[in-house]
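A quick write-up on the structure given underneath.
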Amino acid sequence: MDDTLQGKVALVTGAARRLGAAIARRLHAAGANVVIHYRGAESDAVQLEAQLNGLRKGSALRLKADLLAPIAPQALIGAALERWKRLDLLVNCASTFYATAVGEIEAAQWEELIGSNLRAPLFLAQTAAPHLAAARGSIVNIADIHAERPLKGYLVYSVAKAGLAALTRSLALELAPGVRVNAVAPGAIAWPEDGQFGLAERERIVATTPLQRIGDPADIAQAVHYLATAPFVTGHLLAVDGGRSLFL
Numbered sequence: 006m007d008d009t010l011q012g013k014v015a016l017v018t019g020a021a022r023r024l025g026a027a028i029a030r031r032l033h034a035a036g037a038n039v040v041i042h043y044r045g046a047e048s049d050a051v052q053l054e055a056q057l058n059g060l061r062k063g064s065a066l067r068l069k070a071d072l073l074a075p076i077a078p079q080a081l082i083g084a085a086l087e088r089w090k091r092l093d094l095l096v097n098c099a100s101t102f103y104a105t106a107v108g109e110i111e112a113a114q115w116e117e118l119i120g121s122n123l124r125a126p127l128f129l130a131q132t133a134a135p136h137l138a139a140a141r142g143s144i145v146n147i148a149d150i151h152a153e154r155p156l157k158g159y160l161v162y163s164v165a166k167a168g169l170a171a172l173t174r175s176l177a178l179e180l181a182p183g184v185r186v187n188a189v190a191p192g193a194i195a196w197p198e199d200g201q202f203g204l205a206e207r208e209r210i211v212a213t214t215p216l217q218r219i220g221d222p223a224d225i226a227q228a229v230h231y232l233a234t235a236p237f238v239t240g241h242l243l244a245v246d247g248g249r250s251l252f253l
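All letters in the sequence shown, in the order written, are residues 6 to 253 by this note's numbering.
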């Protein structure tokens with residue numbers, strides 16, 4: 006059994022489904038106690054919490070929060086500390102993703118996309134920092150390969166993820182040596198469930214990916230686990246994209 010995170014405590018935002026759930030499961034399998042943050046996917050969060058606690062009693066805690074609310078960072082981190090008295094890892098996975106066409110961008114869209122992808126990770130990191138430092142812990146942000154090469158039609162999302170990449174590097178400087186800060190930059194991992202990408206676009210993406218497939222959430226979870234346990238890595242953005250960024 007993998008015990009690289011035995012006794013550690015990890016807070017994973019957006020952990021009820023998809024990438025976040027895969028990350029939570031991977032960290033839990035490595036021995037971590039996991040805070041499962043969610044906003045709307047309550048049934049998924051309940052199911053995941055039960056599954057993890059079934060594997061190891063008292064090892065998972067689900068917490069509902071709107072990350073755009075000013076009280077969310079303190080509420081989430083405070084709950085983790087109350088339960089386990091420590092915090093070793095913050096994974097900022099929660100994200101909002103949708104197209105924003107130039108000329109039609111609304112202020113509310115800016116606030117939502119920047120809020121979930123950039124503002125929330127900043128204030129969560131700021132609140133968690135002293136507790137992570139006490140544990141010699143780390144932060145892993147889930148960025149995007151389009152942080153460096155914008156995705157056409159998704160201007161605000163691309164700007165937000167570019168900001169998250171800059172935030173990762175800046176926090177790595179600001180919080181060293183007590184806290185390491187890194188990011189995973191996924192390529193195409195799981196298609197959006199709302200059908201934003203049609204069949205032709207999906208085929209084009211796979212065709213321009215050297216490994217000729219999309220990734221699996223487990224690929225991202227493995228990368229997060231690596232960064233969480235790599236003691237001499239900080240300020241790094243790790244692309245997990247099957248080589249697709251070579252063509253962007």
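Where a beta carbon is used, it is the ideal one built from N, C-alpha and C, also for glycine.
Enumerate in chain order the residues of its own chain whose CB-to-CB distance from Arg249 is below 8 angstroms, with the five nearest sequence positions on each side excluded.
For Arg249, where only same-chain residues beyond five positions count, the Cβ hits under 8 angstroms are Ile150, Gly192, Ala193, Ile210, Thr213, Thr214 and Pro215.
Measuring CA to CA, which of Leu160, Glu116 and Asp7 is closest to Thr105?
Comparing Cα positions, the closest option is Leu160.
Anticipated Cβ contact below 8 angstroms, Thr132 with Leu242, distance rounded:
In fact, because the Cβ distance is near 23 angstroms, the residues do not count as touching under 8 angstroms.
Helix, strand or coil: which one does DSSP assign to Thr132?
In this structure, Thr132 counts as helix in the three-state DSSP scheme.
With H, G and I counted as helix, E and B as strand and the rest as coil, what does DSSP make of Ile28?
For Ile28, the three-state secondary structure derived from DSSP is helix.
Determine, using beta-carbon pairs with one atom in the segment 223-231 and one in the segment 18-38, whether at least three such pairs fall under 8 angstroms.
With a cut-off of 8 angstroms, the segment 18-38 and the segment 223-231 count as touching, because enough Cβ pairs lie within range.
Determine the DSSP secondary structure at Tyr4, reduced to helix, strand or coil.
The structure shown does not extend to residue 4, since the chain spans only 6 to 253, so no value can be given for it.
Might you give, ordered along the chain, the residues of its own chain that have their beta carbon closer than 7 angstroms to the beta carbon of Arg124, omitting 5 neighbours on each side?
Only residues of its own chain outside the window of five on either side were considered, and among them none has a CB closer than 7 angstroms to the CB of Arg124.
If Ala50 sits next to Arg23, beta carbons under 8 angstroms apart, how far is it from one beta carbon to the other, in whole angstroms?
Between Arg23 and Ala50 the Cβ distance is about 12 angstroms, and since that is not below 8 angstroms, they are no contact.
Residue range of the beta strand (DSSP E) that His42 falls in?
The continuous beta strand (DSSP E) containing His42 extends over residues Asn38 to Tyr43.
Under the three-state DSSP convention, the category Ile147 falls into
It is a strand residue.
Let me check one thing: in DSSP terms, what residues is Asn122 bridge-paired to?
For Asn122, which the question treats as bridged, DSSP gives no partner whatsoever.
So, are the CB atoms of Val40 and Ala70 less than 8 angstroms apart?
Pairing Val40 with Ala70 gives a Cβ-Cβ distance that is not under 8 angstroms.
Is it the case that the Cβ atoms of His136 and Leu92 are separated by a distance below 8 angstroms?
Yes, they are a contact pair.
So, is Ile110 buried or exposed, given that buried needs 16 or more other C-beta atoms within 10 angstroms?
Label assigned to Ile110: exposed.
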